[in-house]
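Asks:
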Amino acid sequence: MIGQLNKYQKEAAEHLNGPCLVTSCPGSGKTFTLVERIVCLLKRGVKQRNILCLTFTNKAAKEMKERVCKRLNIKKPSFFIGTFHSLCSLFIRKLGSGRGYSPHFTIVNDKEQLDLMLQISRKHGVDINYGDAKKIVNRVNYYRDQMEDFSWVENALHNDVFVEIARKYLSYCKKNNLLDFSALIYEAIQIIDNDKEIKKKIQNTFKYILVDETQDTNISQFYLVNLLGGKWKNIMLIGDVDQSIYGWRGARYENIREFMRMYNDCKIISLSKNYRSTPQIIQASSKLIKRNTSHMETKFETDNSDGEPVRTYGFRDQLSEAQWVGNMAKKLIDEGGWDPGDIAVLYRVNKMSEPVEQSMVTNTIPYEVVGSWNFYDRKEVKDCLAMIRFLVNRRDSIAFHRICVLIKGMGNVTIGKIDNLAEEKDISLLRSCQEIGNATNSKNTRAACKKICDIYKNDWDFSNPAKSVHQLIDRFNYREYIDSKFDGDANERKDNIDQIIDASGEFNGMENGLFNYLQQISLITSVDSKNDKNKVSLMSLHSSKGLEFPIVFMIGVEDGILPHQQAIADDPFNGLEEERRLCYVGMTRAKKMLYMTWCKSRKRFGQYGNKSFRHTKPSNFLIESGLRDG
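Counted the way the working numbering counts, the sequence shown spans residues 557 to 1186.
#1: Near Q990, which residues of its chain fall below 7 Å by C-beta distance, leaving aside the five closest residues on each side in sequence?
#2: Applying the criterion that 16 or more other CB atoms from any shown protein chain within 10 Å of the CB defines a buried residue, is V497 buried or exposed?
#3: Run the CB neighbour count on S707, radius 10 Å, all protein chains shown included, and call it buried at 16 or more, exposed below.
#4: Which partner residues does A568 have in the DSSP bridge list?
#5: How many angstroms separate the CA atom of S738 from the CA atom of E1180?
#6: Report, in whole angstroms, the separation of the C-beta atoms of L962 and Y1037, which I expect to be a contact under 8 Å.
#7: For C581, name the three-state secondary structure that DSSP assigns.
#8: Under 7 Å Cβ to Cβ from S915, same chain only, skipping five residues before and after it: list those, please.
#9: With a CB to CB cut of under 8 Å and the five nearest residues on each side skipped, what residues in its chain are close to N606?
#10: Is the stretch 858-866 close to the stretch 892-904, with three or more CB pairs under 8 Å?
#11: Do S658 and Q1147 come within 9 Å of each other at the CB atom, strictly closer than that value?
#12: Is it buried or exposed for D749, if we count other Cβ within 10 angstroms and need 16 for buried?
#13: What does the Cβ neighbour count give for G652, buried or exposed, with the cut at 16 atoms within 10 Å?
#14: Using only the alpha-carbon positions, how far apart do R934 and K603 sit?
#15: Report the partner residues of K823 according to the DSSP bridge assignment.
#16: Thinking just about the alpha-carbon of each residue, which of M1066, G795, S1024, D666 is nearest to the one in T770?
#17: So what does V664 bridge to, in DSSP terms?
#18: Taking N715 as the reference, which of L740, Y725, D688, E704 has the closest Cα?
#19: Measuring straight from C-alpha to C-alpha, what distance separates E720 and N665?
#20: Which partner residues of F1161 appear in the DSSP bridge assignment?
#21: From this set, L561, K667, E1135, I747, which residue's C-alpha is nearest Y903's C-alpha?
#22: Mind checking K1007: buried by the 16 CB within 10 Å criterion, or exposed?
#23: Kindly indicate which three-state DSSP category G1142 falls into: helix, strand or coil?
#24: Less than 7 Å between C-beta atoms, sequence neighbours within five positions excluded: which residues of the same chain meet that for G1186?
#25: Mapping the DSSP letters down to three states, classify E936 as helix, strand or coil.
#26: Grab me the residues of I899's own chain with a C-beta within less than 6 Å of its C-beta, minus the 5 sequence neighbours each way, in chain order.
#27: Classify G638: buried if its beta carbon has 16 or more other beta carbons within 10 angstroms, exposed otherwise.
#28: If you reduce the DSSP assignment to three classes, tell me which class A807 lands in.
#29: Quick check: the stretch 976-995 against the stretch 1096-1113, are at least 3 beta-carbon pairs closer than 8 Å?
#30: Go through its chain and collect everything with a Cβ distance to L597's Cβ below 8 Å, but skip five positions before and after it.
#31: Which whole-angstrom value is the C-beta distance of I825 and Y1151, which I expect to be below 8 Å?
#32: Which partner residues does G638 have in the DSSP bridge list?
#33: Start and end of the beta strand (DSSP E) containing E924?
#34: Which runs of the alpha helix (DSSP H) at least 4 residues long sit entirely within the stretch 1059-1127? Give them in chain order.
#35: In three-state terms, what does DSSP make of M792?
#36: What residue range is occupied by the uninterrupted beta strand (DSSP E) comprising G766?
Pasting the structure below:
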């Protein structure tokens, strides 16, 4: 099998002792190389129990296990292949008694962690909203991920009440045998670091350590790797600085350079041959990424035959762009012989999927939104569509129930009374709501009922959907609601709200335009393609990492979107470099054909449904890639 490796892969697979850094370009066969290294170690007499292989996702770990088992012709490896979190969970179950944990501790997922923070605050008489709870959770996780003291949380929160809730949360988790994801790694490190006998035993067990996707490690994960491998120093890191795109969640590509500084005798091997893409795609993407100061000089190679040039297209607006993508995908499928599953549409911001989804439906192309909710399955989108549905059909009880929940003081009991009275008297839900409000002794319920009735009173102009939708959202104070309920992704959710206004604006001037808009949406949301695995993939650039497709459309490659204006505003230098890496990741997903599109303007619909355009220009990344003249 070694004979099937290229010279770089062979060098990495046959490396035995000492620290080693393997840099890998996209499509370089790093997983294949990792498996062969394990085989080589075993052939040289290394015992299986002395090998540790760490990956970042359960999916990657499963793939690695399957490949190893197939290569070794075994049913199950007797050494550890898995994620950082699963390894640390194992440590704590076996060794956590000294830190106050029993083997039957419960792992708290992200949503449960947030719910628990809210529960603890209420239990101690503090009423915080969803956004505040998310903020506290983020700070607690960050201080452990980055190996900080709790004093960092105190300084970061700037609020004594929030700090106290954070303390009570940590105390509650310890007392009730609960561990969230950041605590798993943090507590495992404390167990090993603070007990010499445990450290000695673990270090003598894991004599050979392999870590995949090193550029995605945070400080605590990198610390753990060096702690485990501190005695034998037989650590092999595999990573690509150019594919580090998760800085916003604590990942540090700098860990790769730190590893080189820590170990002066570190052997460096570059897997520079790309087996995935055509020379044209490699040339454009490598020209782009070499602009980054973080880039480690590598000569990109490939034996793949020439393909089509990377093509860029400019369009009038996002609707024209989406229509072209749908039409082109249809042509590739019907005339080019490609399957829908061969095609991916990538975008920087999730809301950009909406017009593409409509175009896929128009062209009867099966599709799925990968790594994120389908646009129309997102909470904020469902809420806004419920507002519109009830405006169009005042007997839509499903929509009525959803919008009532958005009003403070409107509980399930009151909603049930409104439903029952409307049915009993055969009156509208709004009339029933008004009567229930007038009859109640509760000021909150009376105010909530009045607000619902006030929102939907007066005449509405169904021929100006954008204006109507804008008014509805404002009357519900829905943007403020989003700010109060969500923290980290509130802006993205508000972007999705704006996208609904813009999409509905395409029906401005049409008789019953609002009704027609809802009709079109119902066609999209009722598309049943769940049993068809052969679908076009729609996904964000972040979600595309680790995947590959024969044909890739990258849309919205324009200034303000890619690079994203918020990323640049937050950190002009590092933000730009990470956005460039993100563009590089997207481009290198393509095997045969790569289309990159941009709009000359982005259409928006304002408060009164008036159409406006934000003039845009192609991203400078297209110039840096040599795809457009400067």
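For every residue, glycine included, the Cβ atom is placed at its ideal position computed from N, Cα and C. Here the structure is a predicted model, which means the values were calculated and not measured.
Replies: According to the structure data:
#1: C1005, C1009
#2: Absent from the model: residue 497. The displayed extent of the chain is 557 to 1186, so no value can be given.
#3: exposed
#4: Partner(s): none; A568 has no beta bridge.
#5: 38 Å
#6: 6 Å
#7: coil
#8: A878, Q879, V881, G882
#9: F635, T761, F762, K763, Y764
#10: no
#11: Per the sequence shown, the amino acid found at residue 1147 is Lys instead of Gln. Cβ atoms of K1147 and S658: not closer than 9 Å.
#12: exposed
#13: buried
#14: 49 Å
#15: C576
#16: G795
#17: D736
#18: D688
#19: 22 Å
#20: K1167
#21: E1135
#22: buried
#23: helix
#24: I1179
#25: helix
#26: A885, V1092, I1107
#27: buried
#28: coil
#29: no
#30: L572, I607, Y764
#31: With a Cβ gap of about 34 Å, I825 and Y1151 do not count as contacting.
#32: L610
#33: 923-926
#34: 1069-1081, 1121-1126
#35: strand
#36: According to the sequence as given, residue 766 is Leu; it is not Gly. 764-767 is the extent of the beta strand (DSSP E) around L766.
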